[in-house]
Amino acid sequence: MFMSMYGISGYTVMIPIWKAHWGLTVDYAQWSLIGFMAAAGVSMTLSGYMVKRWGIRRVLVVVTALSAIASVVGGLLTDWGSIVGIRIVLGLCAGMITPLTVSLIYQYLPEQKRALAMGWWSMAAMLGPAVGPVISGWLYVQFGWSSLFLFSGLLSMFMLGCLRRIPRQSISTSYTPFPLRQFILAGTGSASVIIGLSQVHYWIGAGWGYGMVALAGGGMLVRLVQISAADKQPLLHWPLFKYRLWTLTMLWNGIVTLALYAGTYLIPLYLMDVQGWNAADSGWIMLFPSFIMVLLAPVVGRLYDVVGPLRLMFSGLLLMLIGSLLLASLDSGASVLSIISAMFIRSVGVSLVTTPGNHMGMVCLANEHIAQGSALSNWLKQLLSACSIAIYSSIVMLGHNSVEGTLVTVSRIQAAFWVSIVFILMLIPIWWLLRNNRRQMSPASPIMNGG
26 MFMSMYGISG
36 YTVMIPIWKA
46 HWGLTVDYAQ
56 WSLIGFMAAA
66 GVSMTLSGYM
76 VKRWGIRRVL
86 VVVTALSAIA
96 SVVGGLLTDW
106 GSIVGIRIVL
116 GLCAGMITPL
126 TVSLIYQYLP
136 EQKRALAMGW
146 WSMAAMLGPA
156 VGPVISGWLY
166 VQFGWSSLFL
176 FSGLLSMFML
186 GCLRRIPRQS
196 ISTSYTPFPL
206 RQFILAGTGS
216 ASVIIGLSQV
226 HYWIGAGWGY
236 GMVALAGGGM
246 LVRLVQISAA
256 DKQPLLHWPL
266 FKYRLWTLTM
276 LWNGIVTLAL
286 YAGTYLIPLY
296 LMDVQGWNAA
306 DSGWIMLFPS
316 FIMVLLAPVV
326 GRLYDVVGPL
336 RLMFSGLLLM
346 LIGSLLLASL
356 DSGASVLSII
366 SAMFIRSVGV
376 SLVTTPGNHM
386 GMVCLANEHI
396 AQGSALSNWL
406 KQLLSACSIA
416 IYSSIVMLGH
426 NSVEGTLVTV
436 SRIQAAFWVS
446 IVFILMLIPI
456 WWLLRNNRRQ
466 MSPASPIMNG
476 G
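Here the sequence shown stands for residues 26 to 476, where the numbers follow the numbering used here.
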């Protein structure tokens, strides 16, 4: 999981560097990140089918080995187009790894240990955003950008060694026909929506075609839902939305995702383009509040059954709101202390809203639906992650129509943070619905205890 999140966060800090190194604007440089996330969203749709067909261990070994090979190849590339291409390959691998690691928790651990395990899983997920910018900035300064790919390859090889501990015959396999039509709709629709949204700042004028691409992608996803709902062996198990808890937690997790990437994407741009910090120093500034978030993840897992998810989620919502308001008020002369303090408050809030939201959505599912639920949940979050970065980058790029406009202005970053605040405010009615409907949840489910 750390490897997947490092693939996202480690390269956000590189966007300002690649802008300068390759002479790119933000909307071009972002394709190294958007391509990774879009590809991950496509491959996540396959995880449920792949587990049924070949089992968790075999699938993880294959995609991790492919990730190692692609990383080595990436370190040898010398042109921007090829770098984006290899990042897409790495995204396809990461998209398979993420939901399968969640499935391992709910397949092998007893119920009373799952909340704590999800806390540790969240810690691994947050470790990427915490140390990714530091590692990436230091590697770039010391050894150049190709070292980033080589480091990713080392992580993949380490994971291959860890996979030896998974039993070979842990999951029975079965053959089911591959839903090719659904996969084409999911992949093409996701990519079209992301591409269209990433160029939203061009919609008014000559770039109106991108709006049509986004609209067409949305239509494909609607058609995917219709076909999947009528299929006995769907690629994505949409009937899971008949569970009220599942639907509400998916709304919660989706909106959290939209707000979350404001910090991951915008802070490196602010530190390097506005404050003038280099990649390594920017990484260190981002490390301290993010590391607190990492340390809190297992603690939140332990508190889940003590104080209840709703109290944790509401506290996190307030802290995310306060931290985001502080970040939206930063100007070009803000001190390092004020930047770290705002990021610290926001990071604590993120810890309190993510682990309970992730766990609540899984414990209401039967064991046979865990893989499908993990695939669908992670696909939706990955699609929203890519869309959120596309939205924020479009706000940042408003008014930039040429390569000359390489520097990001503080007013654009502030505007993007205000959009993330709107997303956070949208969590309030969802939390209220969860609170009002807790008595309608399954009485066998322990998730609302203490809520």
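For each residue, glycine too, the CB sits at the ideal point set by N, CA and C.
Whole-Å CB distance - residue i paired with residue j, under 8 Å assumed
i           : j           : result
residue 183 : residue 164 : Their Cβ separation, rounded to whole angstroms, is 16 Å, which puts residue 183 and residue 164 out of contact at 8 Å.
residue 55  : residue 436 : No, residue 55 and residue 436 are not in contact; Cβ-Cβ is about 19 Å, not under 8 Å.
residue 61  : residue 113 : 7 Å
residue 70  : residue 302 : Residue 70 to residue 302, Cβ: 39 Å. No contact.
residue 373 : residue 344 : 5 Å
residue 458 : residue 262 : Wrong, their Cβ atoms sit about 23 Å apart, outside the cutoff.
residue 406 : residue 236 : Between residue 236 and residue 406 the Cβ distance is about 24 Å, and since that is not below 8 Å, they are no contact.
residue 348 : residue 368 : 7 Å
residue 448 : residue 283 : 5 Å
residue 377 : residue 338 : 7 Å
residue 442 : residue 352 : 5 Å
residue 274 : residue 325 : Wrong, their Cβ atoms sit about 16 Å apart, outside the cutoff.
residue 355 : residue 364 : 6 Å
residue 141 : residue 327 : 6 Å
residue 329 : residue 384 : 6 Å
residue 460 : residue 335 : 6 Å
residue 271 : residue 386 : 6 Å
residue 398 : residue 246 : Incorrect: roughly 18 Å between the Cβ atoms, too far for contact.
residue 323 : residue 145 : 5 Å
residue 478 : residue 361 : Residue 478 is absent from the model: the chain starts at 26 and stops at 476.
Under the three-state DSSP convention, the category residue i falls into
i           : result
residue 209 : helix
residue 135 : coil
residue 170 : coil
residue 456 : helix
residue 100 : coil
residue 306 : helix
residue 198 : Note on residue 198: pLDDT 49, under 50, position unreliable in the model; no value is reported.
residue 317 : helix
residue 461 : helix
residue 145 : helix
residue 32  : Summary for residue 32: the model assigns pLDDT 48, below 50, so the residue's position carries little reliability, and this model does not support an answer.
residue 204 : coil
residue 214 : helix
residue 256 : coil
residue 356 : coil
residue 60  : helix
residue 23  : Past the boundaries of the shown model lies residue 23; the chain is included only from 26 to 476, so the question cannot be answered.
residue 55  : coil
residue 228 : coil
residue 333 : coil
Residue of the options minimising C-alpha distance to residue i
i           : options               : result
residue 290 : 327, 121, 266 and 410 : 410
residue 259 : 460, 72, 458 and 450  : 72
residue 136 : 450, 390 and 79       : 390
residue 181 : 324, 328, 130 and 93  : 93
residue 119 : 142, 134, 340 and 86  : 86
residue 186 : 82, 251 and 128       : 82
residue 126 : 80, 442, 168 and 112  : 80
residue 257 : 385, 74 and 454       : 74
residue 312 : 327, 328, 292 and 324 : 292
residue 250 : 216, 210, 334 and 452 : 210
residue 100 : 121, 172 and 243      : 172
residue 203 : 277, 294, 77 and 413  : 77
residue 253 : 208, 360 and 134      : 208
residue 416 : 364, 286 and 451      : 286
residue 68  : 205, 142, 131 and 105 : 205
residue 216 : 161, 116 and 281      : 116
residue 84  : 63, 111, 122 and 47   : 122
residue 276 : 370, 454 and 58       : 454
residue 317 : 244, 375, 264 and 295 : 375
residue 190 : 129, 241, 142 and 170 : 129
residue 413 : 268, 394 and 218      : 218
residue 243 : 255, 233, 220 and 228 : 220
Heavy atom of the ligand ATP within 6 Å of residue i beta-carbon
i           : result
residue 240 : The ligand content of the structure shown is nil, which means the ligand ATP is not present either.
I'd like the ranges of any alpha helix (DSSP H) spanning at least 4 consecutive residues and lying wholly in the stretch 370 to 453.
395 to 422 and 435 to 450
Going along the chain, which unbroken runs of the alpha helix (DSSP H) with 4 or more residues stay wholly within the stretch 258 to 303?
269 to 294
Runs of 4 residues minimum, wholly inside the stretch 74 to 126: which ones carry the alpha helix (DSSP H) assignment?
81 to 99
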